[in-house]
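> Position in the sequence shown (from 1) plus 77 gives the number in the working numbering.
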Amino acid sequence: MKRTFIAIKTNPGEKIRDCIFHSKTCLKGERIKWVSTVQLHFTLAFLGDTSPDQVNLTGEMLKRIVPAYDAPLVQYRGLGLFRSIRDPRVLWIGLDIDPVLRKLKAELDRELKNLGFRIERRDFSPHLTLARIKSMQNKEAMKDLLHAYRDYHFQESTIRQLVYYESVLRREGPIYKVIKSVRFKYASP
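(1) Between which two residues does the alpha helix (DSSP H) holding residue 93 run?
(2) Give me the residue from 128, 219 and 228 with the minimum Cα distance to residue 154.
(3) Who are the near neighbours of residue 192 in its chain, counting only those whose CB is closer than 8 Å to its CB and skipping five residues on each side?
(4) Only counting runs of 3 or more residues, tell me where the beta strand (DSSP E) segments fall wholly within the stretch 127-198, in order along the chain.
(5) Decide if residue 78 is buried, meaning its Cβ has at least 16 other Cβ atoms within 10 Å, or exposed.
(6) Starting from residue 83, follow its DSSP beta bridges and name the residues at the other end.
(7) Helix, strand or coil: how does DSSP classify residue 214 here?
(8) Please return the same chain residues whose Cβ sits closer than 6 Å to the Cβ of residue 108, not counting the five positions on each side in sequence.
(9) Cutting at 7 Å between CB atoms, please list the residues of its own chain near residue 82, excluding the five before and the five after it.
(10) Return yes when the Cβ of residue 143 is within less than 8 Å of the Cβ of residue 172, no when it is not.
(11) Tell me whether residue 102 is buried or exposed, calling it buried when 16 or more other Cβ atoms sit within 10 Å of its Cβ.
(12) Given this structure, state the Cα-to-Cα distance separating residue 255 from residue 140, to the nearest angstrom.
(13) Less than 8 Å between the beta carbons of residue 117 and residue 223, yes or no?
(14) Applying the 10 Å Cβ sphere with the 16-neighbour rule, what's the burial state of residue 246?
(15) Let me confirm a value: residue 208 is counted as buried when at least 16 other C-beta atoms fall within 10 Å, else exposed. Which label applies?
(16) How is the beta strand (DSSP E) around residue 233 delimited, first residue to last?
(17) Measure the alpha-carbon distance for residue 187 versus residue 214 and round it to whole angstroms.
(18) Go through its chain and collect everything with a Cβ distance to residue 230's Cβ below 6 Å, but skip five positions before and after it.
(19) Whole angstroms are fine: how far does the CA of residue 203 sit from the CA of residue 174?
(20) Should residue 176 be labelled buried (16 or more other beta-carbon atoms within 10 Å of its own) or exposed?
Given below as structure tokens:
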């Protein structure tokens, strides 16, 4: 069994890299696990434990449906938290996605359900995880950071491909191995 997920890899521009640097500086000394910039992505579907047959069928399904979609546009804007400022767990950058990607997400969910995967019922809330927070003492520094980047526009990107990953969990943090990547229609290399 492989632990798998479907995602869009993010190539962080200068503004995202600056935000990460600023965040690390402001939150220095806190118990925070930062995501490596080479592993930044936003997840479309977390599949969990996946049998070899399901891995193959999922790869074939992606090869069939993704090229039918135009390359979507994504805007990265605003900094936020999951949970609350009192008990923060995840620091993220929000995403505004175009209707093409929402339509693809709905089709992916239907196809994955047909392949036997459990689909999340909550609304799709795309985000770019920057850090996982174990504990935090300096809540004021976090409040200031969130305020500084609340409505900030980081970058706009045309997405070229969707990636099917295996997540290998290690003590130092997960490693993401590409199982398959599939280009959108009209996406230049």
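Where is the CB? At the ideal position from N, CA and C, for every residue including glycine.
Let me lay it out:
(1) Against the sequence shown, residue 93 aligns to sequence position 16. Looking at the DSSP string, the run of the alpha helix (DSSP H) that includes residue 93 is 91-103.
(2) In the sequence shown, the residue the question calls residue 154 occupies position 77. Looking from the CA of residue 154, the closest CA among 128, 219 and 228 belongs to 228.
(3) Reading the sequence shown from its first residue, position 115 is the one you call residue 192. If we look at residue 192 and ignore the five residues flanking it on each side, its Cβ neighbours are 131, 134, 135 and 138.
(4) Taking only runs of at least 3 residues, the beta strand (DSSP E) segments lying wholly in the stretch 127-198 are 150-160 and 165-174.
(5) For the purposes of this step, residue 78 is taken as the residue at position 1 of the sequence shown. Exposed: under 16 other Cβ atoms inside 10 Å.
(6) Counted from its first residue, the sequence shown places residue 83 at position 6. DSSP output for residue 83 lists 122 and 241 as bridge partner(s).
(7) By one-based count along the sequence shown, residue 214 stands at place 137. Three-state DSSP puts residue 214 in coil, outside helix and strand.
(8) Position 31 of the sequence shown, counting from 1, holds the residue named residue 108. 211 and 212, listed in sequence order.
(9) Here residue 82 refers to the residue found at position 5 of the sequence shown. Within the same chain, residue 82 has close Cβ partners 120, 122, 123, 124, 242 and 244.
(10) Residue 172 sits at position 95 when you count from the first residue of the sequence shown. Residue 143 sits at position 66 when you count from the first residue of the sequence shown. In this structure, residue 143 does not lie closer than 8 Å to residue 172 by Cβ.
(11) Translated into the one-based positions of the sequence shown, residue 102 becomes position 25. Exposed, by the Cβ-count rule.
(12) Mapped onto the sequence shown, residue 255 falls at position 178. Mapped onto the sequence shown, residue 140 falls at position 63. Answer to the nearest angstrom: the Cα atoms are 14 Å apart.
(13) Here residue 117 refers to the residue found at position 40 of the sequence shown. Here residue 223 refers to the residue found at position 146 of the sequence shown. Not a contact, by the Cβ cut-off of 8 Å.
(14) Within the sequence shown, residue 246 is the residue found at index 169, counting from 1. Exposed, because fewer than 16 other Cβ atoms sit within 10 Å of the Cβ of residue 246.
(15) By 1-based counting over the sequence shown, the position of residue 208 is 131. That one is buried.
(16) For the purposes of this step, residue 233 is identified with residue 156 of the sequence shown, where counting begins at 1. First-last of the beta strand (DSSP E) with residue 233: 230-235.
(17) Position 110 of the sequence shown, counted from the start, is the residue given in the question as residue 187. Position 137 of the sequence shown, counted from the start, is the residue given in the question as residue 214. Going from the Cα of residue 187 to the Cα of residue 214 covers about 43 Å.
(18) Mapped onto the sequence shown, residue 230 falls at position 153. Only 154 meet the Cβ criterion.
(19) Translated into the one-based positions of the sequence shown, residue 174 becomes position 97. Translated into the one-based positions of the sequence shown, residue 203 becomes position 126. If you take the alpha carbons of residue 174 and residue 203, they lie about 8 Å apart.
(20) Position 99 of the sequence shown, counted from the start, is the residue given in the question as residue 176. Using a 10 angstroms sphere on the CB of residue 176, the tally of other CB atoms stays under 16, which defines it as exposed.
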